[in-house]
Amino acid sequence: MKKVLIIGGGFAGVQTAIELQKSNQFEVTLVSERDYLFMFPISIWIPVRKTNFDDVKVSLANIQKKYPFQVVIDRVTGIQASQNQVICERQIISYDYLVVAFGADKMQHKGIENTYTICGKPQQTLELRDKLDSLIQKGSGKIAIGFGGNPKDKSALRGGPAFEMIFNIHHYLKKKGLRDKFELTMFAPMEEPGARMGKSAMKAIQTMFAQQNIQKRFGKKITEFVETGVLFEDESKLDADLIMFIAAGTGSAILKNTDLPLSEAGFVKINDFNQVVEFPNVFAIGDAAAYEGPEWKAKQGHIAELMGRNAAHNILQIEKGTADFKGYQAHLNILCVMDMGNGAAFVYRDSKREIMIPMPIVGHWLKKAWGVYAKLTMTGKIPRIPGM
Ligand SMILES: Cc1cc2nc3c(=O)[nH]c(=O)nc-3n(C[C@H](O)[C@H](O)[C@H](O)COP(=O)(O)OP(=O)(O)OC[C@H]3O[C@@H](n4cnc5c(N)ncnc54)[C@H](O)[C@@H]3O)c2cc1C
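In the working numbering, the protein residues as written are 1214 to 1601.
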């Protein structure tokens, strides 16, 4: 049997492993630095204590029970695609096909160590939770929540979870009877943060900011984070006791130690079939890949999964000697149920439509239900509904 090596145990890598294992035609190995998949979309409830860290994890061992691919827990440090080899901290693994799915790194900003984040390593969600706890114990404070962009790749910006966090913190404080003791401010260097989600979503967010007394500091370039706040290019300062910042994504530093072609922002260059043109037995999927497509494109979990399914399908096509390849670009869209603490908004955008449907109360439970559904389908306990 030919060997397929998948690097990364997130949505993209796990989806590829499941699909290839189902085909029973390959020896499938997944290398991951952690032994669980972290369901980032529902991790936003960890800092506000609406969910536990362990409930956001899906153990790879549980997925393996249904889909018995091999799992190697190790950290990849380099790739030699010309020699079909992946270098890990403890071993070198060879392959016939490689699927790069190890996500992205975050851009580094001056003073970033003075910030907390919801979009970094899973453990960082706990640090944010503990910092929020300590402020709540103090009884008052200033909370600043923001995100930045990557001028070299707009698809690497991640703003949705920042909006979700600020609305969730608002409701969390309100429930505790402390909202009036806290100043909540959102900051971002762009004039219209969230514009990628479409005009109606933007309008709804602005209305909620006004209703919930959330201050804005938009259109100012960030120069530095300090212990007491955020400094901007115009020499102004946003004072804060807690700064939560989502830096934009950039290609994983490990990719510099590979012979793979990289985009300007350091992501793996691919064609529509997620294939690296220079190395046709290598695929890159999910946040690790350089997306091509419309200006509003965004790196999202459901696109990572779609790319995972496509990569598996395309590898099978190569083996069959047929060329019925599947591409991702025609399926690019922005899709999210943006949680607002006491409800959610369904946001959808593609090249033809921009939709925003407010879903008070039920939206929150819909997102929770998605989390349960995703876990059950990944572990093979219930079948997947086509397209979901
Ligand atoms: C807070 C938050 C909320 C989000 N909400 C949504 C949402 O509502 N809807 C949506 O569609 N998307 C959402 N996203 C985006 C979505 O989670 C990502 O697009 C998705 O996780 C990308 O999947 P991936 O498999 O490419 O990468 P990741 O999920 O980042 O997985 C990468 C994997 O590779 C492993 N890895 C990394 N480096 C190495 C290494 N050197 N060696 C071995 N293993 C390694 C990691 O441990 C991890 O298992 C959200 C993201 C965040 C952070």
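We put the beta carbon where it would ideally sit given N, CA and C, even for glycine. If you're wondering where the values come from, they're calculated on a predicted model, not measured in any experiment.
Within the same chain, Cβ atoms closer than 8 Å to the Cβ of residue 1266 are found at 1259, 1335, 1338, 1339, the five residues on either side in sequence being excluded. For the pair of segments examined, the segment 1269-1289 was found to touch the segment 1244-1260: the number of CB pairs separated by less than 8 Å reaches three.
For residue 1289, the Cβ falls inside the 7 Å cut-off from some heavy atom of ligand 1. The alpha-carbon of residue 1275 is positioned some 6 Å away from that of residue 1592. Per DSSP, the continuous beta strand (DSSP E) segment holding residue 1547 begins and ends at 1547-1552. Straight-line measurement puts the Cα of residue 1546 at about 36 Å from the Cα of residue 1395. Here the alpha carbons of residue 1218 and residue 1287 stand approximately 13 Å from one another. Counted as a single uninterrupted DSSP element, the stretch harbouring residue 1354 is not any alpha helix (DSSP H) but the beta strand (DSSP E) occupying residues 1354-1360. Just so you know, the alpha carbons of residue 1333 and residue 1345 end up roughly 17 Å apart. Three or more Cβ pairs closer than 8 Å define a contact, and the segment 1284-1299 falls short of that threshold against the segment 1575-1589.
Taking the Cα positions, residue 1485 is about 13 Å away from residue 1499.
Judged by DSSP secondary structure, residue 1219 falls within the beta strand (DSSP E) whose first and last residues are 1215-1220. Taking 8 Å as the upper bound for CB-CB distance, residue 1408 and residue 1558 are not in contact here, some 15 Å apart. Between the alpha carbons of residue 1419 and residue 1544 lies a gap of roughly 29 Å.
When C-beta atoms of the segment 1465-1481 are compared with those of the segment 1525-1532, fewer than three pairs fall below 8 Å, so the two segments do not count as touching. For the segment 1391-1416, the full-length beta strand (DSSP E) segments reaching 3 residues or more read 1395-1401 along the chain. Contiguous alpha helix (DSSP H) elements confined to the segment 1508-1575 occur at 1514-1533, taking only those with 4 or more residues. Where residue 1494 is concerned, the enclosing beta strand (DSSP E) starts and stops at 1492-1497.
Minimum Cα-Cα distance from residue 1542 among the listed residues 1363, 1458, 1502 corresponds to 1502. Straight-line spacing of the CA atoms in residue 1425 and residue 1522 works out to 41 Å. Boundaries of the alpha helix (DSSP H) around residue 1385: 1373-1388. By the Cβ neighbour-count rule, residue 1552 is buried, with 16 or more other Cβ atoms within 10 Å of its own. Shown here for residue 1347: not one same chain residue has a beta carbon closer than 6 Å to its own, the five before and five after excluded. If you check the C-beta of residue 1244 against ligand 1, you find a heavy atom less than 7 Å away. According to DSSP, residue pairing for residue 1240 in a beta bridge involves 1216. Here residue 1429 is not near residue 1445, since their CB atoms are 8 Å or more apart. The Cβ-Cβ distance between residue 1515 and residue 1438 does not fall below 8 Å.
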